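Residue numbers (the UniProt record's numbering): 1 to 261. Glycine included, C-beta positions come from ideal geometry on N, C-alpha and C. A quick note: this is a predicted structure, and the numbers were derived from the prediction, not measured. A short worksheet on the structure shown next.
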């Protein structure tokens, strides 16, 4: 684990102050990292070593704290957390930094946000890495209402739902705003259609852990896309796949081919 936290900056979009870092090689091809639900740029990308891995490989590494997460503003209105709004935050960050197009790498909810951004403004996306979310992007990822209940429960002890306990413990550990997260989980799961995925022409790597019971098949999602490859991250669940060595090696090989080095 690389615990050296980078310095963060702030920009304003949609009335919200949003936090991000811009590190790595400033002259390198830009990679924009979009973290998952209840996580943050630090938890998703710095601590598991992605900033170091990508920076050492010569990339400009940019990551934002999604609205409701990390150091960014945390509104409690569920209407503000639909994926197109969160994708617009990421696009606004590229605008703020004067970046015409970048490779997008998202994990879980961040993969969904990345796909929405690629669908809406394909010219901004050189390539896509969709981690932790396969066919669940289209078919859904199960019933997450218990997660919202778990986040709003008085304490972890009162949560019996297994996945709810996992996310409540994670939220407590990261000292998150649980009301903001409960608002986010209720509306951030909008699905993309088979047709939507078929229109995303950017080179794409879809990577999901073989023990992930949330994301769904990466092969099934990749098959819907004109230019996508699937990767099984061996023996990893939804939480542990993020920093996996096999995943990192595959992403570096993919970026070498498609990110504009």
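Can you say whether residue 10 is buried or exposed, counting buried as having 16 or more other CB atoms within 10 angstroms of its CB? On the chain shown, residue 10 is found 10 positions in, with the first residue counted as 1. Per the 10 Å Cβ criterion, exposed.
Do you know how far the Cα of residue 209 is from the Cα of residue 1? Locating residue 1 in the chain shown gives position 1, where the first residue counts as 1. Locating residue 209 in the chain shown gives position 209, where the first residue counts as 1. For residue 1, the predicted model reports a pLDDT of 46, less than 50, meaning its position is unreliable and no value from the coordinates is stated.
Within its chain, find whatever has a CB closer than 7 Å to the CB of residue 260; leave out the 5 residues flanking it on each side and keep chain order. Reading the chain shown from its first residue, position 260 is the one you call residue 260. Hits under 7 Å: 29, 126.
Own chain partners of residue 169 with C-beta closer than 7 Å, once the 5 adjacent residues on each side are dropped: For this step, residue 169 is matched to residue 169 along the chain shown. For residue 169, where only same-chain residues beyond five positions count, the Cβ hits under 7 Å are 156.
Within the same chain, show all residues whose beta-carbon is closer than 7 Å to that of residue 196, passing over the 5 residues directly before and after it, in chain order. Looking up residue 196 in the chain shown gives position 196. So the list reads 119, once near-sequence residues are dropped.
For residue 89, which residues of its own chain have a beta-carbon under 8 Å away from its beta-carbon, when the five flanking residues on both sides are left out? Within the chain shown, residue 89 is the residue found at index 89, counting from 1. Excluding sequence neighbours, residue 89 sits near 13, 14, 16, 18, 64, 66, 67.
Can you list, in chain order, the residues of its chain with a C-beta nearer than 7 Å to that of residue 107? Leave out the 5 residues immediately preceding and following it. By 1-based counting over the chain shown, the position of residue 107 is 107. These residues qualify, in order along the chain: 35, 36, 44, 131, 132, 242.
Minimum C-alpha distance to residue 257 - residue among 147, 92, 204: Translated into positions along the chain shown, residue 257 becomes position 257. It is 204.
Taking all protein chains shown into account, decide if residue 53 is buried (16 or more other Cβ within 10 angstroms of its Cβ) or exposed. Position 53 of the chain shown, counted from the first residue, corresponds to residue 53. Classification of residue 53: buried, given that the 10 Å Cβ count is 16 or more.
Measure how close the beta-carbons of residue 110 and residue 206 come, nearest whole angstrom, since I'm counting them as under 8 Å. By 1-based counting over the chain shown, the position of residue 110 is 110. By 1-based counting over the chain shown, the position of residue 206 is 206. Wrong, their Cβ atoms sit about 13 Å apart, outside the cutoff.
Mind checking residue 22: buried by the 16 CB within 10 Å criterion, or exposed? If you number the chain shown from 1, residue 22 lands on position 22. Here residue 22 is buried, its C-beta having at least 16 other C-beta atoms within 10 Å.
Which residues bound the beta strand (DSSP E) around residue 37? Indexing the chain shown from 1 puts residue 37 at position 37. No beta strand (DSSP E) holds residue 37; DSSP gives it neither H nor E.
Give the straight-line distance between the Cα atoms of residue 271 and residue 40, rounded to the nearest whole angstrom. One cannot answer for residue 271 here, as it falls past the ends of the chain, which runs 1 to 261.
Looking only at its chain, what residues have a beta carbon closer than 6 Å to the beta carbon of residue 146, apart from the 5 residues adjacent to it on each side? Counting from 1 along the chain shown, the entry for residue 146 is found at position 146. Result list for residue 146: 161, 164, in chain order.
Compute the beta-carbon to beta-carbon distance between residue 182 and residue 152, rounded to the nearest angstrom, for a pair I have assumed lies under 8 Å. Locating residue 182 in the chain shown gives position 182, counting from the first residue. Locating residue 152 in the chain shown gives position 152, counting from the first residue. Residue 182 to residue 152, Cβ: 5 Å. Contact.
Could you check how far apart the C-beta atoms of residue 222 and residue 229 are, in whole angstroms? I think they sit under 8 Å. Translated into positions along the chain shown, residue 222 becomes position 222. Translated into positions along the chain shown, residue 229 becomes position 229. At roughly 6 Å, the Cβ-Cβ gap stays under 8 Å, so residue 222 and residue 229 are in contact.
Coil, strand or helix - residue 88 by DSSP: Here residue 88 is taken as the residue at index 88 of the chain shown, counted from 1. In the structure shown, residue 88 sits in a helix (DSSP, three-state: H, G or I).
As assigned by DSSP and simplified to three states, the class of residue 249: As a first step, residue 249 must be located in the chain shown, where it is residue number 249. Residue 249 carries a helical assignment under DSSP once its states are collapsed to helix, strand and coil.
Just verifying my parser: in three-state terms, what is the DSSP assignment at residue 54? Within the chain shown, the letter at position 54 stands for residue 54. It is helical.
Flag this pair as yes or no: are the beta carbons of residue 33 and residue 102 separated by less than 7 Å? As a position in the chain shown, residue 33 is number 33, starting the count at 1. As a position in the chain shown, residue 102 is number 102, starting the count at 1. Contact: no.
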